[in-house]
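Trainee:
Residue numbers (the working numbering): 3 to 458.
1. Just confirm the distance between the C-beta atoms of residue 363 and residue 58, as a whole number of angstroms; I'd bet it's less than 8 Å.
2. Where do the ends of the beta strand (DSSP E) carrying residue 54 lie?
3. Would you kindly check if the distance between the Cβ of residue 21 and the Cβ of residue 113 is under 8 Å?
4. Assuming residue 319 and residue 200 make a contact with CB atoms under 8 Å, what is their CB distance in whole Å?
5. Just grab the DSSP bridge partners of residue 278 for me.
6. Who are the near neighbours of residue 48 in its chain, counting only those whose CB is closer than 8 Å to its CB and skipping five residues on each side?
7. Where does residue 230 fall in DSSP's three states?
8. What residue range is occupied by the uninterrupted beta strand (DSSP E) comprising residue 269?
9. Starting from the C-beta of residue 288, find all residues in its chain whose C-beta is less than 8 Å away, skip the five residues before and the five after it, and write them out in chain order.
10. With distances taken between CB atoms, is the gap from residue 66 to residue 107 smaller than 8 Å?
11. Between the segment 340-348 and the segment 184-193, can you find at least three pairs of beta-carbon atoms closer than 8 Å?
12. Our contact map puts residue 314 next to residue 196 with C-beta atoms below 8 Å; I'd like the distance itself, whole angstroms only.
13. Measuring only the C-alpha atoms, how far is residue 390 from residue 432?
14. I need the straight-line Cα distance from residue 312 to residue 304, nearest angstrom please.
15. Buried or exposed, going by whether 16 or more other CB atoms sit within 10 Å of the CB of residue 2?
16. To the nearest angstrom, how far is the alpha carbon of residue 306 from that of residue 38?
17. Give me, in chain order, the residues of the same chain whose beta-carbon lies closer than 8 Å to that of residue 337; leave out the 5 immediate sequence neighbours on both sides.
18. Does residue 3 pass the burial test, meaning 16 or more other C-beta atoms within 10 Å, or should it be called exposed?
19. Tell me which residues share the same chain as residue 439 and place their Cβ nearer than 7 Å to its Cβ, disregarding the 5 neighbours each side in the sequence.
20. Helix, strand or coil for residue 390, going by three-state DSSP, please let me know.
21. Terminal residues of the continuous beta strand (DSSP E) containing residue 137?
22. Jot down the residue ranges of each uninterrupted alpha helix (DSSP H) in the segment 302-335, minimum 4 residues, whole runs only, in chain order.
23. What does DSSP give as the partner residues of residue 341 in its beta bridges?
24. If you draw a straight line from the C-alpha of residue 273 to the C-alpha of residue 296, how long is it?
25. In the DSSP assignment, find the unbroken beta strand (DSSP E) run with residue 130 in it and report its ends.
26. Taking C-alpha atoms, which residue in 401, 377, 430 and 397 lies nearest to residue 130?
27. Do you know offhand how far residue 117's Cα is from residue 269's?
28. Use the C-beta contact count for residue 255: other C-beta atoms within 10 angstroms, 16 or more gives buried, fewer gives exposed.
29. Hey, could you find the ends of the beta strand (DSSP E) residue 73 is sitting in?
30. Measure the C-alpha to C-alpha separation of residue 386 and residue 329 and round it to an integer number of angstroms.
31. Leaving out the 5 sequence neighbours to the left and right, which residues in its chain are closer than 7 Å to residue 332 when beta-carbon positions are compared?
32. Run through the segment 68-125 for me and flag every whole alpha helix (DSSP H) of 4 or more residues, listed as ranges in chain order.
33. Within 10 Å of its beta-carbon, does residue 159 have 16 or more other beta-carbons around it, so buried, or fewer, so exposed?
34. How is residue 402 classed by DSSP in three states: helix, strand or coil?
35. When DSSP labels each residue in this structure, what does residue 428 get in the three-state scheme?
36. Using 8 Å as the threshold, is the C-beta distance between residue 370 and residue 340 below it?
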């Protein structure tokens, strides 16, 4: 039996993978009795930030990771594909339908027992996968602290590393002035019209940047800032839009407001900057502002975003919020199979490991569950192939070369090199890496099944 703490993406994937491999699973979720600051519902696998699982193409490392997980019978990826909404070259989902699918499949699984209660302690004698997410309730956070004391020394004054990310606003589709927007996907990917776009000329863009810099923001409490630097230690892959605006006049034009590939069909020209709106659900009744994660106060958000063309009468279904996200110093605390050093029956999975992103969370859940299935049946520890996207996730979490470990998405940088001379063409090199990875994952799946069969 394995106990899994948390029914987010990592926990749900871990529960599914463990149960499918013959383990009895107890899946703990504290909602509805206790709700975290980022949650809005009591559903399993709630997407608390964007509804996008990012790029779907095998030219993207995360697209390859999705395909690898799908070939390993991933609950999260199969459910996401069933709940997909048009999003150009990305895999975006109707978040309510997605959560419903995940929860339904776990609820009826004969090996999964769901327990709606808060976990306040961790027994190291019981096989446990901690998938609590980046915002554990204080009793569980204290229990994790106690476990870490047995794993590795921690830097003085830094009992837990943490950073901030944020959620983007969502607007009702019927409140948009569509005469001021145009439908188009970047480079006409997908059906070519999966996004709504707001064109900004130089003057409107400059005024928007000025608002982002000057309007009031939510200030963090003293304990939430980095004690050494005296500032918020943001994750670079998910910066608040006002933080990007503060880094230079054109920073947003090279970030979420980049206009390349978004020629305005009304004028035949490429705007100075473009704000993109992406569907939140299959019905297209709601859109989120892409890359608009923010810590502006809610009145400030309404003021700044309401000045954008087409949003003057916007009905805001959700305004942006800040999240404090805690994560482990994974290279020094976790083994390659995501077990805690010094605790042979305790695994961590998801964002708390420092693997950033929905798909990466599911990958961690898969790795932890596969490892637990092997350890609990007396097999040797799990060895994730280095030449796969799953291996790249592990490589980041095991990168002990940096003393300041930070969360990161899966990238090509962590893949093992191709044999022979380096392929200079980037697209061709990534194609070859993806082909090799999928061949390896297919073989690995067969090897895992064979080893479990021999052990049973």
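Yeah, the Cβ is synthetic: ideal placement off N, Cα and C, and Gly gets one too. These numbers were taken from a predicted model, which means no experiment stands behind them.
Mentor: By the coordinates alone:
1. The distance from the Cβ of residue 363 to that of residue 58 is about 17 Å, inconsistent with a contact at the 8 Å cut-off.
2. Counted as a single uninterrupted DSSP element, the beta strand (DSSP E) harbouring residue 54 occupies residues 54-57.
3. Yes.
4. With a beta-carbon spacing of about 18 Å, residue 319 and residue 200 fall beyond the 8 Å limit used to define contacts.
5. Partner(s): 199.
6. So the qualifying residues of the chain are 10, 41, 42, 97 and 101.
7. Residue confidence is low: residue 230 scores 45 on pLDDT, short of 50, so the model does not pin down where it sits. No coordinate-derived value is stated.
8. Element bounds for residue 269: n/a, residue is neither H nor E.
9. Closer than 8 Å at the Cβ level, and outside the excluded window around residue 288, lie 172, 173, 174, 175, 281, 282 and 319.
10. In this structure, residue 66 lies away from residue 107, with their beta-carbon atoms at least 8 Å apart.
11. Under the 8 Å Cβ criterion, the segment 184-193 does not count as touching the segment 340-348, having fewer than three qualifying pairs.
12. Taking a contact as a CB-CB distance under 8 Å, the pair residue 314 and residue 196 does not count as one, their CB atoms being some 24 Å apart.
13. Cα to Cα, residue 390 sits roughly 12 Å from residue 432.
14. C-alpha of residue 312 to C-alpha of residue 304: approximately 13 Å in a straight line.
15. In the structure as shown, the chain starts at 3 and stops at 458, and residue 2 therefore has no counterpart that could be examined.
16. Straight-line Cα distance between these residues: approximately 28 Å.
17. Residues of the same chain with a CB within less than 8 Å of the CB of residue 337, apart from the 5 flanking positions on each side, are 343 and 383 in chain order.
18. Residue 3 is exposed by the Cβ-count criterion.
19. Around residue 439: 66, 70, 389, 390 and 391.
20. Coil at residue 390, not helix or strand.
21. For residue 137, there is no enclosing beta strand (DSSP E), as DSSP marks it with neither H nor E.
22. Counting whole runs of 4 or more residues, the segment 302-335 contains the alpha helix (DSSP H) stretches 332-335.
23. According to DSSP, residue 341 shares a beta bridge with 349.
24. One alpha carbon belongs to residue 273, the other to residue 296, and they sit about 24 Å apart.
25. For residue 130, the uninterrupted beta strand (DSSP E) run begins and ends at 130-132, by DSSP.
26. 377 is the residue among 401, 377, 430 and 397 whose C-alpha sits nearest the C-alpha of residue 130.
27. Distance between the alpha carbons of residue 117 and residue 269 is about 57 Å.
28. So residue 255 ends up on the buried side.
29. Following the DSSP letters along the chain, one finds residue 73 in no beta strand (DSSP E) but inside the alpha helix (DSSP H) bounded by residues 63-73.
30. For the pair residue 386 and residue 329, the Cα-to-Cα distance works out to about 22 Å.
31. Contacts found: 355, 356, 399 and 407.
32. Qualifying alpha helix (DSSP H) stretches, in chain order: 77-84 and 97-109.
33. In this prediction, residue 159 has a pLDDT of 48, which is less than 50 and means its spatial position is unreliable; nothing more can be read from the coordinates.
34. Coil.
35. Residue 428 sits in a helix when the DSSP states are folded into three classes.
36. Less than 8 Å divides the Cβ of residue 370 from the Cβ of residue 340.
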